[in-house]
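Trainee:
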Amino acid sequence: MVTKMEQKSIALDGPAGAGKSTLAKMVAQHFGLIYVDTGALYRCVGLYALRNDVHAQDEAAVTRLLPEINLEMKYDDAGVQRMFLGGQDVTDAIRTPEVSQYASDVSAMPAVRAFLLSMQREMAVKYDAIMDGRDIGTVVLPDAGLKIFITAEPKKRAYRRYLELLAKDPNTQLEDVAREMSLRDKNDSERAAAPLKAAGDAILLDTSNLNLEESFVALCQMISEFRSKQVT
Ligand code: DC
5 MVTKMEQKSI ALDGPAGAGK STLAKMVAQH FGLIYVDTGA LYRCVGLYAL RNDVHAQDEA
65 AVTRLLPEIN LEMKYDDAGV QRMFLGGQDV TDAIRTPEVS QYASDVSAMP AVRAFLLSMQ
125 REMAVKYDAI MDGRDIGTVV LPDAGLKIFI TAEPKKRAYR RYLELLAKDP NTQLEDVARE
185 MSLRDKNDSE RAAAPLKAAG DAILLDTSNL NLEESFVALC QMISEFRSKQ VT
């Protein structure tokens, strides 16, 4: 059931590399909100499948794994979201390109989406949250008070993600990043279950020609306006 509490939430959707998580972290800090990165949940399911030698597209096998997945989302003292699988901190382990592809594949499975749904809704009830993902405004929090869809041209998104990965691995190649991203975009937007799309009542923010500071200012304006209209 959608509660009034969910109307205070901010839903942030968009494709990979649009700047969602970087911007969401910045605005969360600015406005004192909790940032919920829902992609991390799908990444954990992907990592669990990978570690159990289950093929990412084997829906029956991934579905069979779900009941045994012990997944926890916690916040450290600095307010940073940390992910735990079976009690082990996997916050960094879920950030590899291999896990990205696994996450995209398992996220197309209705059973996986259903498995993660209540956890996401509970976060919105518990906290003043800004939640980022692909279907937050359409499925997870259809009553979110503010919905923003962040996007940017594919080339710009690929380049941003390339710089991010290059900082961790000097052998990162732009062409590989662009190819993986376009495959993920295709998977995420063409799947039948909760595909990536802007909610009808979402505000569009195209960051193709905005730097980080400009994108942050644009997002802050939207949020300030939203909060000024909220009844306390
Ligand atoms: O945001 P991200 O790149 O960490 O997400 C990893 C994958 O999880 C992405 O390819 C699509 C999927 N995802 C999803 O289907 N729904 C969400 N709410 C968040 C992520």
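For the sequence shown, my numbering assigns the number 5 to the initial residue and increments by one for each residue that follows.
Heads up, the beta-carbon is just placed ideally off N, CA and C, and yes, glycines get one too.
A quick note: this is a predicted structure, and the numbers were derived from the prediction, not measured.
1) With distances taken from CA atoms, which of Ala115, His59, Ile38 is nearest Val84?
2) Leaving out the 5 sequence neighbours to the left and right, which residues in its chain are closer than 6 angstroms to Ile73 when beta-carbon positions are compared?
3) So for Lys78, helix, strand or coil by DSSP?
4) Check this for me: beta carbons of Ile207 and Ala15, under 7 angstroms apart or not?
5) Report yes if the CB atom of Thr155 is closer than 7 angstroms to the CB atom of Gly18, and no otherwise.
6) Report yes if the CB atom of Val31 is closer than 7 angstroms to the CB atom of Ile227, and no otherwise.
7) Using a 10 Å radius around the Cβ and a threshold of 16 neighbouring Cβ atoms, would you call Tyr106 buried or exposed?
8) Rank Glu218, Ile134, Arg164, Ala118 by C-alpha distance to the C-alpha of Ala197 and give the top, closest one.
9) Once DSSP output is grouped into helix, strand and coil, what is the label at Val84?
10) What do you get for Ser219, buried or exposed, if any count of 16 or more other CB atoms within 10 angstroms of its CB means buried?
11) With a threshold of 6 angstroms, establish whether the CB of Gly137 neighbours any heavy atom of the ligand DC.
12) Measuring alpha carbon to alpha carbon, tell me which of Glu194, Leu70, Ala128, Ala20 ends up nearest Arg99.
13) Can you name the start and end residues of the beta strand (DSSP E) that Tyr39 belongs to?
14) Which whole-angstrom value is the C-beta distance of Met123 and Ser13, which I expect to be below 8 angstroms?
15) Indicate, with yes or no, if the ligand DC has a heavy atom lying under 6 angstroms from the CB of Asp192.
16) Please return the same chain residues whose Cβ sits closer than 8 angstroms to the Cβ of Asp80, not counting the five positions on each side in sequence.
17) State yes or no: is the C-beta of Ser3 nearer than 6 angstroms to some heavy atom of the ligand DC?
18) Compute every distance between the C-beta of Ala60 and the non-hydrogen atoms of the ligand DC, then say whether any falls below 6 angstroms.
19) DSSP on Leu209, reduced to helix/strand/coil?
20) Tell me whether the beta-carbon of Ser111 lies closer than 7 angstroms to the beta-carbon of Tyr46.
Mentor: Reading off the structure:
1) Ile38
2) Tyr52
3) strand
4) no
5) yes
6) yes
7) buried
8) Ala118
9) coil
10) buried
11) yes
12) Ala20
13) 38-41
14) Rounded, the Cβ-Cβ distance is 14 angstroms, inconsistent with contact.
15) yes
16) Arg86
17) Residue 3 lies beyond the residue range present for the chain, which begins at 5 and ends at 236; the question has no answer from this structure.
18) no
19) strand
20) yes
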